[in-house]
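Q:
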Amino acid sequence: MKSRLKQQIKHAYYACFYLGAAVIVWRLNQSPSWQPSSNLSNELPGMHSAIITSNIVLTILVIGLALMGIYHVVKGCKAQ
Numbered sequence: 911m912k913s914r915l916k917q918q919i920k921h922a923y924y925a926c927f928y929l930g931a932a933v934i935v936w937r938l939n940q941s942p943s944w945q946p947s948s949n950l951s952n953e954l955p956g957m958h959s960a961i962i963t964s965n966i967v968l969t970i971l972v973i974g975l976a977l978m979g980i981y982h983v984v985k986g987c988k989a990q
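In our numbering, each residue's number is its place in the sequence shown (first place is 1) plus 910.
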């Protein structure tokens, strides 16, 4: 019984960590500093595609962190 509770607490901790990190990265990705400006191609050639690529990478990171959080929620519910 004690071991099961320990496992559930461990998985709950990991789930909170991963889901919290996903929210933080998602909010960072939504901030205006990460969005390309309308005249960026005139100011810094080549930066537009770099910013778009970084947005894609951050989106993949958010999805990965959220999936890890969901995995730990499920594992915590099934802890023996």
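For every residue, glycine included, the Cβ atom is placed at its ideal position computed from N, Cα and C.
Please read all numbers here as calculations on a predicted model, not as lab measurements.
Take Q918 and list the residues in its own chain whose beta-carbon comes closer than 6 Å to its own, dropping the five residues that flank it on each side.
A: Only G986, A989 meet the Cβ criterion.
Q: Along the chain, where does the alpha helix (DSSP H) that runs through K988 open and close?
A: Here K988 belongs to no alpha helix (DSSP H), and DSSP marks it neither H nor E.
Q: Can the beta-carbon of Y923 be found less than 8 Å from the beta-carbon of G979?
A: Taking 8 Å as the Cβ cut-off, Y923 and G979 do not qualify as a contacting pair.
Q: Is V935 near V972, with beta carbons less than 8 Å apart?
A: Yes, they are a contact pair.
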